[in-house]
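Inspection log for the structure reproduced underneath, given as structure tokens.
There are 6 protein chains.
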Amino acid sequence: MPVVITEIPRPPETLVQAFEELDVATVHEAQGRKGLLASYMRPIYRPTKIIGTAVTCQVAPGDNWMIHVAVEQCQAGDILVVAPTSLCEDGYFGDLLANSLQARGVLGLVIDAGVRDVATLTEINFPVWSKAISAQGTVKETLGNVNTPLVCAGALVHPGDLIIADDDGVVVVRQDEATQVLEKARSRLANEEYKRQQLQEGVLGLDLYKMRERLTEKGLKYVKYSEQN
Amino acid sequence: MPVVITEIPRPPETLVQAFEELDVATVHEAQGRKGLLASYMRPIYRPTKIIGTAVTCQVAPGDNWMIHVAVEQCQAGDILVVAPTSLCEDGYFGDLLANSLQARGVLGLVIDAGVRDVATLTEINFPVWSKAISAQGTVKETLGNVNTPLVCAGALVHPGDLIIADDDGVVVVRQDEATQVLEKARSRLANEEYKRQQLQEGVLGLDLYKMRERLTEKGLKYVKYSEQN
Amino acid sequence: MPVVITEIPRPPETLVQAFEELDVATVHEAQGRKGLLASYMRPIYRPTKIIGTAVTCQVAPGDNWMIHVAVEQCQAGDILVVAPTSLCEDGYFGDLLANSLQARGVLGLVIDAGVRDVATLTEINFPVWSKAISAQGTVKETLGNVNTPLVCAGALVHPGDLIIADDDGVVVVRQDEATQVLEKARSRLANEEYKRQQLQEGVLGLDLYKMRERLTEKGLKYVKYSEQN
Amino acid sequence: MPVVITEIPRPPETLVQAFEELDVATVHEAQGRKGLLASYMRPIYRPTKIIGTAVTCQVAPGDNWMIHVAVEQCQAGDILVVAPTSLCEDGYFGDLLANSLQARGVLGLVIDAGVRDVATLTEINFPVWSKAISAQGTVKETLGNVNTPLVCAGALVHPGDLIIADDDGVVVVRQDEATQVLEKARSRLANEEYKRQQLQEGVLGLDLYKMRERLTEKGLKYVKYSEQN
Amino acid sequence: MPVVITEIPRPPETLVQAFEELDVATVHEAQGRKGLLASYMRPIYRPTKIIGTAVTCQVAPGDNWMIHVAVEQCQAGDILVVAPTSLCEDGYFGDLLANSLQARGVLGLVIDAGVRDVATLTEINFPVWSKAISAQGTVKETLGNVNTPLVCAGALVHPGDLIIADDDGVVVVRQDEATQVLEKARSRLANEEYKRQQLQEGVLGLDLYKMRERLTEKGLKYVKYSEQN
Amino acid sequence: MPVVITEIPRPPETLVQAFEELDVATVHEAQGRKGLLASYMRPIYRPTKIIGTAVTCQVAPGDNWMIHVAVEQCQAGDILVVAPTSLCEDGYFGDLLANSLQARGVLGLVIDAGVRDVATLTEINFPVWSKAISAQGTVKETLGNVNTPLVCAGALVHPGDLIIADDDGVVVVRQDEATQVLEKARSRLANEEYKRQQLQEGVLGLDLYKMRERLTEKGLKYVKYSEQN
């Protein structure tokens, strides 16, 4: 059953690069609020932001053997996405594996478990989003899968999907929806710029978004503090 | 039932400013160890410290509509305090709302839920104390209340109360107790300065606080390691 | 029953210093993956790293009296290790106690509870590994023990044991095993340097660690994406 | 500062009895979804249900002294509501205190902390809603308050308020709102009975609540599985 | 974007019935340890066990509108599987919805959120596996999806998949893998019966599973207590 | 390094039996409030109570191999105590292992991880105290230790120590302190019986424990509700 899928299709580089002006929150909104990993996935340092292609790796609890296997499947521009088959916060990944991934041009790691050597990872500028920081080591005894679809921190990730990760968290975009999401995200962005200026100048969101009438319809009342009963 | 209370009374500016030399721990002690929000409320960047007047906002889970309503009730020197009616870690608040609040002179946000765009919030120096960081967006469908008393992270907050927030957490001071708390906190502070000097010079707390006799009364024994049985 | 053990034996200074080139993850591996404190023990600032001798202090929930007692038992090069007798996240320790410990040359604090005044502790460069940051104060009513063995964050700590704490967490080394652990850790380190170079040059771990054959034996299959059924 | 408020006003017995046909969920809805304690408050045995008047008791972490003080303030039909000033899961309460409360006609305990002797409490039919079950004992050293307003598991409770607790959790009703809440709850109940019959007969909620039109307006689409693109 | 998929294909009834002799742990093992929902999903009463076909329902936080929509898509033998788009523990589901589902022959509910009216649900024998029990109500404002694939408590569920739920938890079996999983599970079961007898008679697992040699190879040592150094 | 210690000394049977009239809370108090396992350790069914001798077993995360090894070291009257080397909630133990232990007269299991087949374990009356219930299986690849001292759920357990486990939780008594603890616990018990009668008759704890004077000394005030300012 354990399998490594090789030569996965990846989105065109220009498509990936086009996401660089976008952040996680905007992309998440643009694709209808799906694909967000759980908020316990935090970057080991801030600020940081990466956009790349998912190589997926499913590991046994307390066992990082398959990460070594996954490294070989990674290429420049990839982001390694690791999930254990059951809850585990061990430190699956440290500076040696980071050296190996950096040598291949991998941009960072997203792992629903623990990471270690975070001082060195910070120094060498290799970003990681993880559930925990832990020095607890792992063994190399049990097989898993590379480049099969997996659930990572509550989100379904297919190999070749786009991963956007920044200080707010991590979102996954399905490869075949990426172009459409990009378009929607860009139009949100354009829209936001105008809103930002208005709000900075003191225009109220109540007016900018024309909310007053609907609030009244729903029954919102305004009462002076001094006139409460 | 949903209501916005307007024109809430606020403490005099000079009173608020007088708290600037104080920190959360000192104020919390000075008022008899009450009014502290739960320790899961963490600042999105450090160091940071703000002191201001509470505008309160109660929201539905996954719905930030009332925050837009609350903005209009805020003025310079205020701190917005938001609590959902049930457990929620969604990202209720991002950079656009921060722009809007900053345009009005609001000092920061305290929210018993999630926040997003933390990279931008850090850049523009808008501090937030929150339960989570999450890119998860919210809807605008359900009414709530502005400037009614609410429980935020385990502490009762009335509109117009003083909020002190720093790297240790957040404490609320009742508006009508603020003068008295200020006095007590100042006397603690004066007292602490002397203690600090003594301790820095190597005087033991056991002697400075005259603890030895009471420890003996309570039955504390000293035994040499080599003479344990 | 409450007792303070005095004049505990400490490891020779040269032995402690010899650990300075090592980090938590390496030491933990070198001693057979034992002695690691739970991963919820996080430093209040990063980067940071200390190595020293444990003085242990067992406290009641919400009561820091025994920390004042423990200070007197500390000397230069020590690390204070504090554990409550039941779950508690109060802020047992703040800047005054830090001043007192720094005056004695103590290197830092490891506490399975909360800490406060973290802005000041960061400024004065006094590192703390804790379960929580909380302004919640404590009382001084109940005795406990100093320099008896205790369980801190899931690890057994004896007074005089070595503590290594860095950005990854905290590990304890039994005093009588320190020399042996040091040796093993050094040999790991030497070994790692070579591996690091190889990996940085792009050699795969699969080859460096000769994993391919064993992976095949265990049944790992490689399948092209385009050839999956 | 520590104080015991005596002779608190209680709602009339007939009013309390009138709530007996109601459950927590119905009352919570009827009062506009406020006053619910956090869902981690669980009964030690099920099924169980009590309705009574709150006597409040604020305790220090790990210290149950004030519960002994509170017992004297309790009378038949009361429910004791206990909250610590900071997070604590110790076993503040056991069979002896339950004997004492039962001797006074107290109906049960709601405690935002731990409880012990749950086998005996179950046998003698004394219900407790708590955050934890723990054999960890407490001390008797620090004062607190009896019958002052407090926040228990996220809800504000005043002495004399109504407490309804059942298998779903615990809700508090303000004494001065009890009559009004009762009325609304009764009308909900009447309403529910009809709905229940309809639903049991197979009428769909979509039709019973006339939801179809609004769903369509909001944009809900129906697509056959076989006709998805 | 919100959509209800109708007329989903379901596995043949005889296939579903064939799973009745199996439990969650056996099925999970038989399909290679995948498809298990997180262990925080607990039944509201025990013992209980159901096997059926998944109808999936994705809801907004604090909003149960789509559950009413999903009811219509359910038929006899189905199990409703509900997941919110972000963390929420509100009581989405109570006795009225249970009446409605029971009227259609639905076997139970699996919900990655809260449930209420658990006393009644227990009485009417409608089993629920949930993350929380909470009386907190929900609104009906925001659309979601019915019968689209979703991630529930960390597991990917497609409409029409088999759900097996018992006292140990919940597992999902892909519809197109069900026959194969059934076979493997049955052979495990047969195998287990023999092992059970042997173990009950006192045969050691070490011998039954022939582990001794491999343990020795791996380096396990046996030392008498009295002969430890 | 992995080792199985055989022929551990056990306390005399009569000593163990003498604890049968005692419960966890009483024993915990009697030994000075130490040795209690964390309150997340809950029995899979209630009521239940066992007293026996600890056989300890340290396992790798997600790997139950050593439990099979430990079985052989167990004899009638033992309780198996299992702790993983890092956080893990997998179902390490099920009905087959329970059959094997029951065949040897083992009384129950205490495991700082998950357990499965709880319906069967309940039927065959084999009690387990665990951190989680989970159907997630484990592998058999990595060695650990049997009958070495370990930390289980925050408490240090040596092989041969006494374990008392009931509905309140689990406490460990050091073998060499058992006689002394027994005596103290018995005297507590005798003492409690008198107190219980007094309290049941309505005598207040305030009087029975003579607390009134000390409360006054500490500064407790009594104020009538109607006379508050």
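Chain order of the listed sequences is S, X, H, G, A and R.
Using this note's numbering, count along the first sequence one by one with no gaps and you end on 1108.
Using this note's numbering, count along the second sequence one by one with no gaps and you end on 1108.
Using this note's numbering, count along the third sequence one by one with no gaps and you end on 1108.
Using this note's numbering, count along the fourth sequence one by one with no gaps and you end on 1108.
Using this note's numbering, count along the fifth sequence one by one with no gaps and you end on 1108.
Using this note's numbering, count along the sixth sequence one by one with no gaps and you end on 1108.
For glycine and all other residues, C-beta sits at the position ideal for the given N, C-alpha and C.
Exposure label - residue i; buried when at least 16 CB within 10 Å
i	result
residue 973 of chain S	buried
residue 1003 of chain X	exposed
residue 1055 of chain S	exposed
residue 1097 of chain S	exposed
residue 993 of chain X	buried
residue 952 of chain A	buried
residue 1100 of chain S	exposed
residue 963 of chain X	buried
residue 1095 of chain S	exposed
residue 1089 of chain X	exposed
residue 1073 of chain G	exposed
residue 1093 of chain S	exposed
Of the listed residues the options, nearest to residue i (C-alpha basis)
i	options	result
residue 1058 of chain R	R:897, R:887, R:1098	R:897
residue 852 of chain S	A:880, A:903, A:908	Residue 852 of chain S lies beyond the range of chain S shown here (880 to 1108); nothing can be said about it.
residue 949 of chain X	X:976, X:894, X:915, X:912	X:976
residue 1047 of chain A	A:883, A:917, A:892, A:911	A:917
residue 947 of chain R	R:924, R:1070, R:1039, R:1018	R:1018
residue 1005 of chain X	X:985, X:961, X:1021, X:914	X:985
residue 932 of chain R	R:925, R:998, R:1012, R:1050	R:1050
residue 959 of chain A	A:915, A:1013, A:981, A:969	A:981
Neighbouring residues, chain S, relative to residue i (Cβ below 8 Å)
i	result
residue 996 of chain X	902, 904, 1047
Contacts of residue i in chain X (Cβ-Cβ under 7 Å)
i	result
residue 940 of chain A	940, 941, 967, 969
Assigned secondary structure, residue i (DSSP; H/G/I helix, E/B strand, else coil)
i	result
residue 916 of chain G	coil
residue 983 of chain A	coil
residue 1066 of chain G	helix
residue 946 of chain G	helix
residue 1040 of chain R	coil
residue 994 of chain R	strand
residue 885 of chain S	strand
residue 932 of chain A	strand
residue 1110 of chain A	Residue coverage of chain A in this structure runs from 880 to 1108, which leaves residue 1110 of chain A outside it and unanswerable.
residue 1086 of chain X	helix
residue 1100 of chain A	strand
Test: residue i CB closer than 9 Å to a CB of chain D
i	result
residue 1013 of chain S	Any reference to chain D falls outside this structure, whose protein chains are S, X, H, G, A and R.
Proximal chain R residues relative to residue i, where beta-carbon distance stays under 7 Å
i	result
residue 961 of chain S	Here the premise fails: no neighbours, minimum Cβ distance about 15 Å.
Chain S residues whose Cβ lies nearer than 7 Å to that of residue i
i	result
residue 1079 of chain H	978, 982
residue 1035 of chain A	1030, 1035
Whole-Å CB distance - residue i paired with residue j, under 8 Å assumed
i	j	result
residue 905 of chain G	residue 1068 of chain G	6 Å
residue 885 of chain R	residue 1036 of chain R	Not quite, the Cβ-Cβ distance comes to about 18 Å (not below 8 Å), so this is no contact.
Partners in chain A for residue i, counting only beta-carbon separations shorter than 7 Å
i	result
residue 884 of chain R	1102, 1104, 1107
Cross-chain neighbours of residue i in chain H, by beta carbon under 9 Å
i	result
residue 1022 of chain S	1094, 1097, 1098, 1099
residue 924 of chain X	The contacting residues do not exist; residue 924 of chain X stays about 12 Å from chain H at best.
Interface partners of residue i on chain X, CB under 8 Å
i	result
residue 880 of chain G	911
residue 1075 of chain S	974, 975, 978
Within chain A, the residues that residue i reaches when beta carbons sit closer than 9 Å
i	result
residue 1071 of chain G	974, 975
Contacts that residue i makes with chain A (C-beta to C-beta distance below 8 Å)
i	result
residue 989 of chain X	Here the premise fails: no neighbours, minimum Cβ distance about 20 Å.
residue 964 of chain S	912, 913
9 Å Cβ cut-off: residues of chain S touching residue i
i	result
residue 1050 of chain H	1014
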